[in-house]
Amino acid sequence: MQASKHSVVRGAHLSSRTTISTAFRSRCAPRRPSIAQGRRVVSTHAMFGLKKSSLAFLTVAKNTPHPEKVAKGGEDAWFIRVDAKGGGAFGVADGVGGYDEFGVDSGLFSKRLMQLAAEKEQTQSSSPDPKGIMEYAHRQTILPGACTACIVQLQGSKMYAANLGDSGFIVIRNGDKALATEPLQHFFDCPYQLNNSDTAPTDNAEDATMIEMELQEGDIIVAGSDGLFDNVFQDDIISIATSTIADSLKAGKSPLEANEAVAEELAALAYQHSQDLKYPSPYAIECNKDEAAMKQAQTEKLKQGGIFGKALGGVMNAVQTPTVVGGKLDDITVLVSTVVAPGSNKAALEGAAAAAAAGLEPVMAQLASGMRILQEKETKSATPIITRKKLVRSGQAKIEGAGITVADIENMDKATIQKMLMKYDLPTSGSMQKLKDRLAKAIS
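One point on numbering: in full-length UniProt numbering, the residue at position 116 of the sequence shown is 116, and numbering is uninterrupted.
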């Protein structure tokens, strides 16, 4: 994880935490055996034949919105550029759902940012610069809201990528993980995010992790929003991508159809897991690790308080912490890109370019519709949305809890603290001291 180059007010960033089911057990649920077990490993290089010349991205996308956000198309966004002559690019962004509380649709922010990124990438004449593209798109997205962002470009045989937040990608080579991005988070479930700097403190493109990597023909890249990675383990993504492409090509399907089959299968599996209240998902496992770390830190703090503190710390160690289980309901976006030689895959690349354009038409229609609705709201409202958020930030239109201090928290009862945590979209379960620490961290 790359550290931030500037100080960020954590409480101003919105968590994307979603409530999931809990089961009271003495320890975290064991990780479900990966479905990768028993799947055969196939050399993806053997499918295409290795070359060292200019390569191309053959990319497809599959999106499944959150069940409650289908009408507006969810809050994820993406772009794809497929070039039959070689190269290519793609990106994915995840709108921060916490802005719903303010009447703001972050899906508009993410869609507009990806639209601008695609336009900038298309006209870029210099060397690949995914950070520069991200910075331009962020600066030009003058809307309320926030999103994570991941942008990947290919020139010759080299990949250039910038990743900010908890979207990301995996590079698969010969059935193994060659590279995987690490999420950038301020704390658990609060990813780095691009905000409108006029309405909230923001992370920036310069904070993104920059990745450069030599690719080989036959490499597979699976990118996506956290709706994929929170619900499907990396081992399973790798296994499904490798075996499905191999089986599809063996069955006589085109490389484009093979990629589409992978995207469909991964999106369907992520959606299935997201609705499973008993599935020990990657998200649930990380949530339990975070809860355990908070408990351990509090226990150690108590043990420093003399004999009584040590006794209380021992009691806390013995208390059973509820184990979080279940998938995470979310928007799910999956991009599958195979690295191919442009000359021998011209038809597939042209087909992918056409499919990408057709797939983005409804997304752009949703963006246009959302922008019209936003403009109508701005016109009718005496205080436009973006202005109201400025007022909230400056303290001129305070929401409950603005301006509180750590000393104030110490005098609050549990119900008040839980209500405040809900304002920050943070968990409301746990001991009184844990709740106080969580709220203090949010406002710091």
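Here a beta-carbon is modelled for each residue, glycine too, at the ideal position from N, C-alpha and C. Treat the numbers as computed from the prediction; the structure is a model and nothing was measured.
{"Asked": "Start-end ranges of the beta strand (DSSP E) lying completely within the stretch 216-249, minimum 3 residues", "Found": "220-224"}
{"Asked": "Per-residue burial, ILE443 [other beta carbons within 10 Å of its own, 16 or more giving buried]", "Found": "buried"}
{"Asked": "Contact test: GLY107 Cβ vs the ligand NAP heavy atom, cutoff 6 Å", "Found": "By its list of ligands, the structure shown contains no ligand whatsoever, and the ligand NAP lies outside what it can speak to."}
{"Asked": "Own chain partners of GLY88 with C-beta closer than 7 Å, once the 5 adjacent residues on each side are dropped", "Found": "ALA56, PHE57, THR59, ARG81, VAL82, LEU154"}
{"Asked": "Inside the stretch 125-176 only - alpha helix (DSSP H) runs reaching at least 4 residues", "Found": "130-140"}
{"Asked": "Where HIS66 falls: helix, strand or coil (DSSP)", "Found": "coil"}
{"Asked": "Cα-Cα separation, GLU214 to SER239", "Found": "22 Å"}
{"Asked": "Continuous alpha helix (DSSP H) stretch holding ILE443: start and end", "Found": "432-443"}
{"Asked": "Sequence-distant residues of the same chain with beta carbon closer than 7 Å to CYS147, five excluded per side", "Found": "ALA93, ASP94, GLY95, VAL96, SER106, PHE109, SER110, LEU113, GLN193, LEU194"}
{"Asked": "Exposure label - ALA358; buried when at least 16 CB within 10 Å", "Found": "exposed"}
{"Asked": "Which listed residue (ASN231, ALA353, ASP331, PRO183) has its alpha carbon closest to that of LYS69", "Found": "ASP331"}
{"Asked": "Limits of the unbroken alpha helix (DSSP H) element including GLY107", "Found": "106-123"}
{"Asked": "LEU335 beta carbon less than 7 Å from that of PHE90", "Found": "yes"}
{"Asked": "Residue span of the beta strand (DSSP E) that contains ASP76, given as start and end", "Found": "76-81"}
{"Asked": "Residues near TYR283 by beta carbon distance below 6 Å, same chain, minus five either side", "Found": "ASP230, LYS328"}
{"Asked": "Classification of GLY252 by the beta-carbon crowding that lies within 10 angstroms, buried from 16 upward", "Found": "exposed"}
{"Asked": "Beta-bridge partners of THR209, as assigned by DSSP", "Found": "ASN163"}
{"Asked": "Through-space distance from ALA61 to ASP226, alpha-carbon basis", "Found": "15 Å"}
{"Asked": "Beta-carbon proximity check, ILE133 vs PHE169, cutoff 7 Å", "Found": "no"}
{"Asked": "Cβ contact (3+ pairs, closer than 8 Å) linking the stretch 263-281 and the stretch 197-207", "Found": "no"}
{"Asked": "Straight-line gap, VAL104 to LYS346 (C-alpha atoms, nearest Å)", "Found": "42 Å"}
{"Asked": "Within 7 Å, strictly: CB atoms of CYS150 and SER167", "Found": "yes"}
{"Asked": "Counted within 10 angstroms of its Cβ, other Cβ atoms place ASP207 as buried (16 or more) or exposed", "Found": "buried"}
{"Asked": "Nearest-angstrom Cβ-Cβ length linking GLU410 and LYS441, presumed shorter than 8 Å", "Found": "14 Å between Cβ atoms; not a contact."}
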